[in-house]
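Residue numbers 1 to 372, in full-length UniProt numbering, belong to the letters of the sequence shown in order.
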Amino acid sequence: MSSELFDAIDYLEKEKGIDKDILMEALEAALISAYKKNFKSATNVRVDLNEETGSMHVYARKDIVEEVEDPLQQVSIEEANQKDPNYEIGDVIEEEVTPKDFGRIAAQAAKQVVTQRVREAERGVIFSEYADREEDVMTGIIQRKDPRFIYVNLGKIEARLPESEQMPAERYEVHDRLKVLVTKVENTNKGPQIYVSRTHPGLLKRLFEMEVPEIYDGTVEIRSVAREAGDRSKISVYAEDPEVDPVGSCVGQRGQRVQTIVNELKGEKIDIVQWSEDPVVYVSNALSPSKVIEVLVNEEEKATTVIVPDYQLSLAIGKRGQNARLAAKLTGWKIDIKSESEAREEGLLEDSKEDSLGEDEAYSDIDDNLFE
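And the structure:
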């Protein structure tokens, strides 16, 4: 054992942040294990590491007894008194048993301990760094693929993108760069494991926070997100200041802000609607791009009946019911959509009702003239 090992331990403490005491304890345990494995003269031993001299000594610890039954763990009182007459039965005696060739074994054990502890420390640093990034968006590069995961390089670690978190129509190729939401960071025996998503509603929310300064600084607040990843999403926004247009802030000039997000999500359509505490207004806005004549509210069941012009019925419901489904998820209200004709037949609509609700309080990328 040389002083170089202790110098290495000092270095690891300073550069890797590994506590010296932890390293020394681990090294002592490894040396004891190595001794027991390679030498059979004792089963209870203590290792003394002297940092000043760079030396190492192994001591066998044995119980002092009247009659020896196990020579590996016991020594007779007669033998003990030959070394020191003050010993009594029940005391523990120590005897140096450092083998001549123990230095080589010790060096191997020390190398294993140091390597293991450095690996654990590096894993701990990575875990601490990425544990704080849960629910954040990170940019990564696809490294490889297998049937279960796409592996995304986030810099110091490779994250896993499960098949269930991949957008259905999106193609993933090695070396592609993409933004992902960190959904879970685990510290396992194999090191930190990071899971990411392309489908989570939180990804859409974070992308708007990154793209819209008014959301980032709190002027505009995202109240809810409903998403069917890769196809269509709805997001509701609110501004306490009546002078601020929350929908327009998110859309941006000529739709540039929202279009940046649409491009990142490979063409996913996004409706941006203004949140309102009034369910009539909120549900009406949420059904954008459809026009709404009237919203009938059942507070007890948190259900609404929405009446739309006949020619807007299909648009309000959406393909495979998607528009209505997303609006219900966004608002938290049940939504039953009826055409104007059907509502009049059922006596749900007054003859004087003709105006549409919620105009200019929602944006849908179905608007053809937005980018002209």
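Think of the CB as a built atom: it goes at the ideal place given N, C-alpha and C, for glycine as much as any other residue.
- Ala159 and Val182 have their C-alpha atoms some 9 Å from each other.
- In the pairwise beta carbon analysis, the region 263 to 273 is classified as touching the region 231 to 239: at least three pairs are separated by under 8 Å.
- Between Glu134 and Arg148 a beta carbon distance of about 21 Å is seen, past the 8 Å cut, so the two are scored as non-contacting.
- With a cutoff of 8 Å on beta-carbon distance, Ile317 and Ala343 are scored as not near each other.
- A direct Cα-Cα distance of roughly 38 Å separates Tyr151 from Leu5.
- In its chain, beyond the 5 residues on either side, Ser224 and Lys302 have a beta carbon closer than 8 Å to the beta carbon of Gly332.
- The alpha-carbon separation between Gln256 and Asp278 amounts to approximately 30 Å.
- The alpha helix (DSSP H) runs of length 4 or more contained entirely in the region 53 to 111 are, from start to end of the chain, 77 to 83.
- Counting only unbroken stretches of 4 or more residues, the alpha helix (DSSP H) elements lying wholly within the UniProt domain "K Homology" (229 to 302) are 246 to 251, 256 to 264 and 279 to 286, in sequence order.
- Contact check for Val280 and Val262: beta-carbon distance about 29 Å, past the 8 Å limit, so the pair fails to qualify.
- Between Glu122 and the set Gly191, Lys184, Lys100 and Glu209, the nearest pair of CA atoms involves Gly191.
- As far as DSSP is concerned, Gln116 takes part in no beta bridge.
- If you keep only unbroken alpha helix (DSSP H) runs of at least 4 residues inside the region 147 to 200, you get nothing at all.
- The C-alpha of Gly202 is placed about 57 Å away from the C-alpha of Asn44.
- Between Lys329 and Thr304, the C-beta gap is not smaller than 8 Å, which leaves the two residues out of contact.
- In this structure, the beta-carbon distance from Ile126 to Ala34 does not fall below 8 Å.
- Val113 is positioned such that its CB atom lies no closer than 8 Å to that of Leu49.
- Leu23 and Phe102 have their C-alpha atoms spaced approximately 20 Å apart.
- The closest CA to that of Arg46, considering only Lys179, Lys266, Ile93 and Val292, is found on Ile93.
- Annotation: the continuous beta strand (DSSP E) that includes Ile142 extends over Val137 to Lys145.
- Per DSSP, Lys319 is not a residue of any beta strand (DSSP E), being assigned neither H nor E.
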